[in-house]
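*Asks:* Numbering (full-length UniProt numbering), first residue to last: 1 to 407.
Backbone N, C-alpha and C define an ideal beta-carbon position, used for all residues, glycine too.
#1: Among all the DSSP beta bridges, which residues are the ones paired with residue 258?
#2: Using 8 Å as the Cβ pair cut-off and three pairs as the minimum, do the segment 56-70 and the segment 96-103 touch?
#3: May I have the straight-line CA-CA distance separating residue 176 from residue 150, to the nearest angstrom?
#4: Tell me which residues share the same chain as residue 47 and place their Cβ nearer than 6 Å to its Cβ, disregarding the 5 neighbours each side in the sequence.
#5: Looking only at its own chain, which residues have a Cβ that is under 7 Å from the Cβ of residue 260, when we skip the five neighbours before and after it?
#6: Suppose you measure from the CA of residue 303 to the CA of residue 107; what does that come to, to the nearest Å?
#7: Tell me the DSSP bridge mates of residue 372?
#8: Below 7 Å CB to CB, which residues in the same chain sit around residue 364 once its five sequence neighbours on both sides are set aside?
#9: Do you know offhand how far residue 255's Cα is from residue 187's?
#10: Measuring only the C-alpha atoms, how far is residue 293 from residue 81?
#11: Spell out a yes or no on whether the segment 138-156 and the segment 181-200 are touching, meaning 3 or more CB-CB pairs, one atom from each, closer than 8 Å.
#12: If you measure between the beta carbons of residue 245 and residue 172, is that distance less than 8 Å?
#13: Identify every residue that forms a DSSP beta bridge with residue 211.
#14: Any idea what DSSP makes of residue 86, helix, strand or coil?
#15: Under 8 Å Cβ to Cβ from residue 404, same chain only, skipping five residues before and after it: list those, please.
#16: Terminal residues of the continuous alpha helix (DSSP H) containing residue 342?
#17: Kindly indicate which three-state DSSP category residue 245 falls into: helix, strand or coil?
#18: Using three-state DSSP, classify residue 42 as helix, strand or coil.
#19: If you reduce the DSSP assignment to three classes, tell me which class residue 408 lands in.
#20: If contacts are defined as beta-carbon pairs under 8 Å, then residue 417 and residue 189 qualify, I think. What distance do you get, rounded to the angstrom?
#21: Any idea what DSSP makes of residue 323, helix, strand or coil?
#22: Less than 8 Å between the beta carbons of residue 223 and residue 6, yes or no?
#23: Give me, in chain order, the residues of the same chain whose beta-carbon lies closer than 6 Å to that of residue 367; leave out the 5 immediate sequence neighbours on both sides.
#24: Could you say which of 32, 229, 178 and 210 lies nearest to residue 196 if we only look at CA atoms?
#25: Do you know offhand how far residue 387's Cα is from residue 332's?
#26: Alpha carbon to alpha carbon, how far is residue 40 from residue 19? Give it in angstroms, no decimals.
#27: For residue 85 versus residue 133, is the C-beta distance shorter than 8 Å?
#28: By the three-class DSSP mapping on this structure, what secondary structure does residue 12 have?
#29: Thinking just about the alpha-carbon of each residue, which of 390, 374, 204 and 167 is nearest to the one in residue 44?
#30: Going by C-alpha distance, which of 163, 62 and 4 is nearest residue 277?
Right, here's the structure in full:
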């Protein structure tokens, strides 16, 4: 049986590529040391203290089929959080619970991308580098993925307005992540207003991936739906958020999508046939998490502490940029793969080559000269790891292994 070309042409996912890249290289560790893994964006701060009690109190819910769209209590909690955080009044029919944002970011494209746009194959705009589900969603709906550089020259955000008008007229969806994965850039209000106006002018939707919205340095990032609502263009934006990063609950697989009622109705309809709702105990925990801000503030303070560590250790490295939000450092190197091999061989530190999070366009991969470093460990582990990283990559003061980490 032939494999559909749109999926067979997808590159291998980042983490299997990393395992292959490091295969056969012994990690450079002193006696008794363990490897330091700074690759995956899996929060390691403590989850909220109420999780076990809420789960236990609702354990009987595993014996029941859960509501597909979310319990009334969960939808109310999410709506309340949107009101407190952004000043929005979002009715329950405009919200749907998700098994994490990845499900929503994919399925929303299936539900909302037209088969043709102005008589042509639709385009989906994707920042480059990017969270890889965006490209898979474009492939699934048969749209043309248009990878738009998000580099230091553009403030690490995509300049969609610079695209030719004929591409914008074919565009059905534009993905945006703020704070950005992997660069940590934040789309401010001016950026969002310009993008929303562009979407209205060329009749496309913005899928705003805001799952890092509660991890920031100085001030809470603007929300795309809030900005669009203030502009009278709320139906141009669909937002996605989750408890994975906000509440340190990646294993709960709980998030939400919110948008116009007609858009969410289509996503709900698709999910009724092809989706899997959260269990009732998971929905109860989710409701409690969205109603509580104390644990979020405590976790954010820990990330801010690690921002300060990174600034102190790496601040005078050429090309280093303090990150405004999220928990990834996007560090400049000559070659990301070479840097990853070298760090593993000399210091037992795993990082992700930036090229694995981007696509080559016109012979250039905008992630090649970077590595992504996840600030998920505690401060006591983070500081020595960053000092070793600096010594290996920028100071050249370490022992062992050849320069490319393969000797």
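*Replies:* Short version:
#1: 95 and 239
#2: yes
#3: 11 Å
#4: 248 and 249
#5: 94, 234 and 235
#6: 31 Å
#7: 330 and 352
#8: none
#9: 21 Å
#10: 9 Å
#11: yes
#12: no
#13: DSSP lists no partner for residue 211.
#14: helix
#15: For residue 404, the predicted model reports a pLDDT of 41, less than 50, meaning its position is unreliable and no value from the coordinates is stated.
#16: 336-347
#17: helix
#18: coil
#19: The first residue shown for the chain is 1 and the last is 407, placing residue 408 beyond what the model contains.
#20: The question about residue 417 has no answer here: the residues shown for the chain are numbered 1 through 407.
#21: coil
#22: no
#23: 129, 354, 355, 357 and 358
#24: 229
#25: 16 Å
#26: 12 Å
#27: no
#28: coil
#29: 374
#30: 62
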